[in-house]
Amino acid sequence: MGQILKGAYDMSLYEITFSPTGGTRKIAAIVSSVLGDTKTVITLLPKDSDYHVWQFKPSDICVIAVPSFGGRVPAVAAKRIQCMQGNGANAVLVCAYGNRAYDDTLLELSNTVKEAGFHPVAAIAAVARHSIMTQFAAGRPDIEDEKEIKTFAAAVKKKVISGNDMEEVIIPGNKPYREYHGVPFKPDADQNCNQCGLCAKECPVGAIDADNLTKTNTEQCISCMRCIDICPQKARKIDKRVLDAAILKMSTVLTARKKNEFFL
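In the numbering used here, the protein residues as written are 52 to 315.
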């Protein structure tokens, strides 16, 4: 297990992420690199894992990171977090968003982890490359972001190790949460598909038919873009006309550099 500090105040470090295209995991890893030299990594992506096996101690610290999907926590990630037993473990919350806004994601994440028994002590809303319109926030988190995140993580580490002022962190957001009904971006396989089956195996919600990889259950698909990201043949794509229309519509909102936000 990862140790933050040896001696009188021992704690194990865990990195718990739902990161279909890697941006969320990248931010969580920056935070974890400051909190400890070693860590236990828990990914919330596998659809067949038993997340009930994870039980934590009050002395542990858990970096819990999710992307913002339409201003909300991905429902499947929330469900898997709630299978865990936090038992009072300190939680550093991370929301990665694609340069638009994170809306109620952090507040929902905070409430989700509290229901699972974690104690939120800090939170970050940080920008990562947009998972669908990838030209927006390309390269983020960048060097400037990393410096900001590491500075904040150092303050979090000091707070946790000292044991002082461990009140629950105050996080912005609204309840009822922002409504989210999904987006019309459902990847399909093209003629380059060689039937390797990796997309079906790795889809976090099982929306791709393993016996017919060209078939995607559009009702089940959460548009996380994991299948596009991992396809060795780059054979999975979303409708270019729909994507181009979305890029044109969102370009004014997504172009200006958004700032990371920190809560301690």
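Backbone N, C-alpha and C fix where the C-beta goes; we use that ideal spot for every residue, glycine too.
Source: prediction; values computed, not measured.
DSSP, read as helix, strand or coil, puts K288 in strand.
Taking all protein chains in view, the Cβ of A126 is surrounded by fewer than 16 other Cβ atoms within 10 Å, so the residue is classified as exposed. Listed in chain order, the non-local C-beta contacts of R76 below 6 Å within the same chain comprise T68 and S70, local neighbours out to five positions each way being set aside. For I281, DSSP assigns no beta-bridge partner whatsoever.
The shortest C-alpha to C-alpha distance from A240 to any of I221, R151 and K266 is the one to K266. Between the alpha carbons of V143 and Q242 lies a distance of about 43 Å. The shortest CA-to-CA distance from I279 to any of L249, A261, A147 and T269 is the one to L249. The three-state reading of DSSP puts V92 in strand, counting E and B together. For N268, there is no enclosing alpha helix (DSSP H), as DSSP marks it with neither H nor E.
In terms of Cβ geometry, E159 and Y228 form a close pair [threshold 9 Å].
The beta carbon of I281 sits closer than 8 Å to those of L249, C250 and E253, all from its chain and outside the five residues before and after it, given in chain order.
Here the alpha carbon of M135 sits roughly 20 Å from the alpha carbon of S83. T68 has T94 and A116 as its beta-bridge partners, per DSSP. Looking only at F236, G257 and A261, the smallest Cα-Cα distance to C244 is reached by A261. Shown here, F313 sits in a strand according to DSSP, grouped into three states.
Counting only residues of its own chain and dropping the five nearest sequence neighbours on each side, I273 has a CB closer than 8 Å to the CB of F120, P125, A126, V127, G233, P255, V256 and A258.
Residue environment for E166: exposed (fewer than 16 other C-beta atoms within 10 angstroms of its C-beta).
The three-state secondary structure of Y102, taken from DSSP, is helix.
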